[in-house]
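Quick notes on the structure that follows.
Residue numbers (our numbering): 2 to 353.
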């Protein structure tokens, strides 16, 4: 039988098409020999193995459907070493969406959940009406309602086994992931205050100013009392070492009383600095100085016995000295390679 497409071809084109088909048949035959060799060496046969996974059964059924287009079903099943009764049983269970093997009778294990109970757990886990209820609490609720009596650990195991997901789609917009971006030093500073407690319970207050680009501590002060004059002092000390530019540095601070006091307002009114309040004039917090507080406390201060103000001043001075002489910088988002500060201690950092 000659098709119309072949009849329209010339003799050289027909020969070329035959050669192409021969190469394709040889390639498929080679792949088939490799697959048969792997199958024989592994010793796997469907006649002696169970496939509890429904997805694996579905793949075999689809492959059989494609093979039946050119090979009889009996020959396909003989090649797979699969009985016709097993094949038709899978086909019937595929129609009922029940290809996964699971015992319907719990007599072999009296405490085993039945398929209907597993389905009830899945319905409650994926129900929008219970999306605000934690999974462990949902197990207790199902027991009180008389739906399913299973421990929270069983619920967690079934959620992981079947891949159920709670219908918790976030509607509220997420917080911004990127903070303020500056191109040079002394364009923006971060100021903050943290509380440090001694071993006897007394408190001292640490004020500091950090640069947005170089991450360098520009000024700091340890005080016995919480007073806005300390914020003014560290800002004045930082401004004395600032590089001269066309615009004054912007100070990012929170809305605490130490940053919005009359003394701080008077300093801002002189034009030496400009102030920007987090969560008031911005939608995010003053997180850079907070990150330095966390690093300073947990990686340095809390490793020593804090018994006096002199001890804290000595430890903070050593930490800021290390920050000044060996600080690292992160460039803008298009260039994230770290560069080392090569300037002398006590001077502004120059990136190299």
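For every residue, glycine included, the Cβ atom is placed at its ideal position computed from N, Cα and C.
A contact between stretches requires three or more CB pairs, one per stretch, nearer than 8 Å, and the region 242 to 250 meets this requirement with the region 182 to 195. Counting only the Cα atoms, residue 193 lies some 19 Å from residue 249.
As for any beta strand (DSSP E) of minimum length 3 sitting wholly inside the region 172 to 215, the runs are 189 to 198, 204 to 212, ordered along the chain. Contact annotation: the region 29 to 42 does not touch the region 56 to 76, with fewer than three C-beta pairs closer than 8 Å.
Here the C-alpha atom of residue 80 lies approximately 11 Å from the C-alpha atom of residue 68.
Linking residue 275 to residue 269 through their CA atoms gives a straight-line distance of about 6 Å.
Residue 303 and residue 296 have their C-alpha atoms spaced approximately 10 Å apart. Apart from the 5 residues on each side of it in sequence, residue 10 sits with its Cβ closer than 8 Å to the Cβ of 18 in its chain, given in chain order. One Cα belongs to residue 199, the other to residue 307, and the distance between them is close to 5 Å. DSSP, read as helix, strand or coil, puts residue 151 in coil. From the listed residues 159, 254, 204, 134, the smallest Cα separation to residue 116 is found for 159.
Following the DSSP letters along the chain, one finds residue 114 in no alpha helix (DSSP H), marked with neither H nor E. A buried status is given to residue 260, since no fewer than 16 other beta-carbon atoms sit within 10 Å of its beta-carbon.
Burial state of residue 229 is buried, judged by a 10 Å Cβ sphere holding 16 or more other Cβ atoms.
Counting only runs that start and end inside the region 3 to 86, the alpha helix (DSSP H) elements of at least 4 residues fall at 5 to 8, 12 to 43, 55 to 68, 74 to 81. Listed as beta-bridge partners of residue 275 by DSSP are 251.
Rounded to whole angstroms, residue 142 and residue 88 show a C-alpha spacing of 42 Å. Within the model, the alpha-carbon separation for residue 172 versus residue 125 is close to 22 Å.
Beta-bridge pairing by DSSP links residue 224 to 206. For the pair residue 235 and residue 210, the CB atoms are nearer than the 8 Å cut-off.
Take the alpha-carbon of residue 120 and the one of residue 148: they are about 11 Å apart. Rounded to the nearest whole angstrom, the C-alpha separation of residue 122 and residue 93 is 25 Å. When DSSP states are grouped into helix, strand and coil, residue 170 belongs to the coil group. Relative to residue 289, the option among 314, 263, 189, 273 whose CA is nearest is 189.
In the structure shown, residue 237 adopts helical secondary structure according to DSSP, grouped into three states.
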